[in-house]
Structures are given as structure tokens and as C-alpha cells.
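For reference, the structure is listed below as C-alpha cells.
Here it is, written out as C-alpha cells:
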């Protein structure tokens, strides 16, 4: 008998919806030029009334607004337009801690092994906890009314003819590990019950295929990203593997259990599917592979699977405790859900899980005779506890450069007189004799200093008498202030050696160089400028959120305090400028961030002071914000940006990937 699988095509009707986009102009074009061009079009195709914000950073200009598809097509044909991108949301970097968390959660947010009896926290990013992502639990059903699911679990479809609900407990336990309040990795995910296993925990291949088909079509109709969890399996079946292959091509992510037979996972399905993320089990009391877990090269990653607590169908208060790779898979499903909510493409989820996992913590004895088994434990990538890296010591000398001033040393076989004779051969405007400030002869070490143009420097580099050319750095007398019992973050930047956990340290700094005459632009959620810690040095700059000046989130004030407050700040005399670009939820659009950068650039130029802009925020890599920072730095503004809290390569995010920013 032939079994055919029909994946129903879902037709999506597109309407003329207004969506926010950011339009950048060619470097040689201005907003005024564009507006003049725009006025030549019929009024219903003009954009001037639809523009929300505009910006001009160096020769980088553009605007944002809510534009219909018709106007977008017109803009795409406009010769003045360089690029059009969706106006993405940028968020402040922030993490949340769940104290005394279940061990399976604590394990994915730390790098080191956990001690058996000790309680550990679960640390996660509250901005990426599965909002607007669906998790499809293809299992024995879910007790969707359980309070642990907080109304986020929904009935999808029952393929068992038993009716909705869970008479076995397995599916509810799995769903709880994905997204329940206490035991779940993803605190805000929508959980869809796709009941394919009966009360005995069994189901036919045809039922599983129907469940996969339902999940695929439901996700397409919802328009949301989705992850399907299959904590089930049988011996290798090419039909099931083929179904998963085709389903992943629609955009669904599949996470599957490796199996509990202590055999090579490549011998079972769906764990042998290269298109699924296959999860084995560890015992998180010693980070060894669980005695029952399947293993081998078909396993992608391991997670806690021994004595795991989750939601119980028999109690609204007490958890049930189960063991198996069935428990490990939903832990990874929860991480995958959070990565999707962070904006990572479905086809990149497996690579991302491997990139942020904890490597080489499973003992060698546990891997013995388990050929080609990867040494990877799942991690959410938020916390780097126990993973500190030793960095090479940098120069002990802080230095600054005298403007355009250089020191030129001559080769030991040459003299200053010989150089001067050679110098006469050049045209007057390329000679150095009249612009030398000082000449030096210390034994065989000879040279001179002066303020030289780029043309003269280029000429000197080619001169056969010259040994080296260096900037004429400024030296300062060593004169330090000491802040006793300082906050640890301050003490750390004024000492070379590691600090002991419970010991108090001082912060040493040079009081002559504490930010006098410098502006710090905090592009964030606002600042409580009247806080006494700022000593009257914090000022309201501009609010781009329409919430008004001030900080209803706390993130921006905290950041500003680290820059320049009396007790917690590095620069004790800097003037701090509030540039409010993130709202009370810590979020702001790309266009708002660009407008904030535009303001900071212009404010610094008008002030005539030096300036640094701090961006403790980010999103996935975006060339427009990187380009804006490149142009802004050319005006003289320094940018310092956060690398991000996702434990991924910072080159994948913005503004962290900008080579013009200090990340």
C-alpha cells in the first residue's frame, strides 16, 4: 500500500497595508532634492505627508514613514534612492534572573558544571522569550487549562480520536519544559497541542505524518515562525525523515528526541533526519551522557534528561519528574523558539544552537565507545558565567597625541646635517627645515619633531635617511585620585590582576582627565537628569519617543551612571546628554536610532566640544545603522556600542558589527 503525503498550499492574500520603512538616499543627494523630485508626482503618490522622521548624518541622508506597496514600488524606481529597508526594532540589552530555578533551566544559562545539592538561577533575556512564535507539541496532548501555561496553550487538532487533553502526562510534561511559567525555557511562547499519541503514548506513522502536515499548514496560516517538538521515535524510517525534510523547507524548525535505547541515533527516526535538531540527554548532576540516551553523529546537542521536573496533569501545584531524551528535546525547543523571536532565520537555528552551546564539558569516559558523538551541551547564550577568558595585558601607558605633530628618527649612519642637505632638493612647500620644532642627537639616536602635512609625511616615508616616523605623543605627570571601596566595575579598570570575590578594592584615576569639556551622548531609554548622583552634569537633549523627557525604564539612567555619576561613573566631570530613543519598554525603531545619532552629531558640532555616543542596544546586522555610524564618526563623534547578550558572533549584530564603533 502506498502512502502519499499531501502538504496543502496556503494562499495568502496581500493587502495594501501601511508598514514602516526606512529610505536612504544616494550620498550626493539631499532631502531637499528628493522633496523637489517628489513634488512632480501625483499627490496620492507623494511621500512628504507620510514621513515620520528624517536624518542627515554627514552625506548619509534619508527618512522613514509608513508607505503602501504602491509608494514603495515608486520609491524603488526613484534614481535618488539608494536603499529601502523595514524599520526594525532595536532594543536595550537586558537580562532577567529566575532564582532557585529547576536544574534543567539553570544548566542552559551557565557554562560550568552544577553541584548536586546547590540551587542555581536561570538567566535569560526577557526581550526574547517566544512572543509571537508557535511551538507545536506533537505528542499525547496537553492539559491546556493548567495554570502554569497562563492561557498560552491552545488546542490544535486531535488525531487519536480520544478527544483533546492529555490522559498520559507525557505531552503536558514536554509542553511545560518548552513554555510553562516555572519550568519552561520560553516564557511567552504560544503552545499548540497536536495530539498524535494516545493515552498509552503510542501512535502510528500515518498519524505522525498527519500531525506534521497540520503543524506546517497551521504555521503558514498564522504567519508566525514555529518549532515542532517530536519527543517520540521508532526505528529508522525514510518516509518520516522525508516528511521532515519537506516540512523544514516551508520554514518550520523541527527538534526531536534522540531516543532512549543507548544505541546510535542514526538507527532511529526522526532522530536520523539531518533536517531535524536531534537532542540527546545528559545527567546534569555530573554532565555525563545519560545511561539510556542514544548517541552518535546524528545527535546535534545534549540537554538535561535525568529526573527533570515539569508540569503534572494530576496537580496544579506539584511537578512530575520524568527522565528521557523526551525531556531533553523540549528544552532545546524552548531555546530555538527564543532564537526565532530574536529574529534568526529558521534555516539558521541549528547552526546558531551549535554556535552558542557549551562545548567540551561532557567527560571523556562518557564519550568512550560512543563514536562520533558531539561534546555539546545546550546553552541559551545569555550568560557567560564560568567562561571568562584571559586577555593579554595592554600597554601600561595611557597616551594622547599632539595635533598633527610627529617625531622623525634618522638611520644611525645618517646625521641631521646630511638630512638637511638632502631636504634642499625638494620644492619649498615640501621642505621641513622651517617647520622643525626640535632636533635631537643622543649618541647615534638622531631626529627631529614638527607639525607636518600629509604630503610632507608621505615624502618623509620615502626618504632614504629616515628610520621611523611616529606621532608625537603627550606625556602627563602621574597624579592619581583614589576612590576607596569602589564599585567592582571601577576597581577592575584600574588594576591588572584578577579581583577576589569578597574583597573591597579602590578605583585609581587621574583627576586632570575626568571628562572636562567632553559630552557623553546616551542614546537610550532616557535619563533621570535630576538624580543627585549626576551633580547637575546631566542634561535633557531630545526625546524621539513622544513619551517626554525622563526615564520610565531605568536602563538609560543606569548606563549614564556608569559613564559619569559621582559614585559609579568612570568620568567624574563629563557632561551627559540624554538622547531618548528607546521607549519605556526599552525598544525603539531603526529610524528613531538614526534620528538620535543625527541629533548627537549636530549637537556636538554646535557645542564645539569633543563627544562620545554610547549605544547599549542592538538588533541583527543592519548595514544602514552601520553606515550611519561610519558617516557620523567622520564628523568627530566617537561611538562606543554594546556587543550584545546573545553569545553569538558580534559581527552578526548591529551596531556591534560596525568597524567604526568601539564594540
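In mature numbering (1 follows the signal peptide of the UniProt record, and there is no 0), the protein residues as written are -17 to -1, 1 to 646.
Don't be surprised by glycine CBs; every beta carbon is placed ideally from N, CA and C.
Straight through space, the alpha carbons of residue 91 and residue 286 are spaced by roughly 8 Å.
Pairing residue 46 with residue 36 gives a Cβ-Cβ distance under 8 Å. The region 223 to 241 makes contact with the region 194 to 202: 3 or more CB pairs, one atom from each, lie closer than 8 Å. In the three-state DSSP reduction, residue 433 falls in the strand class (E or B).
The three-state reading of DSSP puts residue 491 in strand, counting E and B together. C-alpha of residue 177 to C-alpha of residue 230: approximately 15 Å in a straight line.
Remark: C-beta atoms of residue 216 and residue 254 approach each other more closely than 8 Å. For the pair residue 267 and residue 360, the Cα-to-Cα distance works out to about 10 Å. Around the C-beta of residue 591, fewer than 16 other C-beta atoms lie within 10 Å, and the residue is accordingly described as exposed.
According to DSSP, residue pairing for residue 7 in a beta bridge involves 45 and 66. Residue 543 has no beta-bridge partner at all, per DSSP. By DSSP's assignment, residue 606 forms no beta bridge with any residue. One Cα belongs to residue 95, the other to residue 451, and the distance between them is close to 49 Å. One thing to note: residue 482 has its Cβ within 8 Å of the Cβ of residue 488.
Taken in chain order, the unbroken stretches of beta strand (DSSP E) that lie wholly in the region 497 to 555 and span 3 residues or more are 501 to 507 and 521 to 526.
Of all alpha-carbon atoms in 543, 580, 364 and 323, the one lying nearest the alpha-carbon of residue 39 is that of 580.
Note on geometry: alpha-carbon atoms of residue 85 and residue 292 lie some 7 Å from one another. The three-state secondary structure of residue 142, taken from DSSP, is coil. The C-beta of residue 436 has fewer than 16 other C-beta atoms within 10 Å across all chains shown, which makes the residue exposed. Straight-line spacing of the CA atoms in residue 338 and residue 632 works out to 9 Å.
The region 106 to 153 contains, as complete beta strand (DSSP E) runs of 3+ residues, the segments 117 to 122 and 136 to 141 (chain order). Bounds of the alpha helix (DSSP H) holding residue 21 are 14 to 21.
Within the DSSP secondary-structure output, residue 177 pairs in a beta bridge with 121 and 140.
Judged by their CB atoms, residue 595 and residue 503 are nearer to each other than the 8 Å cut-off. Using a 10 angstroms sphere on the CB of residue 433, the tally of other CB atoms reaches 16 or more, which defines it as buried. Nearest C-alpha to residue 99 among 290, 124 and 453: 290.
If you look at residue 471, you'll find it in the alpha helix (DSSP H) that goes 471 to 475. Of all alpha-carbon atoms in 397, 262, 152 and 207, the one lying nearest the alpha-carbon of residue 297 is that of 152. Burial state of residue 191 is buried, judged by a 10 Å Cβ sphere holding 16 or more other Cβ atoms. Put simply, the region 109 to 123 touches the region 141 to 155. At least three CB pairs are less than 8 Å apart. Where residue 403 is concerned, the enclosing alpha helix (DSSP H) starts and stops at 399 to 406. About 22 Å separates the CB atoms of residue 70 and residue 20; that is not less than 8 Å, and the two are not in contact. Closest in C-alpha terms to residue 262, from the list 243, 311 and 510, comes 311. In the DSSP assignment, the residues bridged to residue 295 are 298. Within the same chain, 63 come within 7 Å of residue 16 by CB-CB distance, once the 5 residues on both sides are set aside. Below 8 Å, too few C-beta pairs join the region 99 to 108 and the region 135 to 146 to call them touching: fewer than three.
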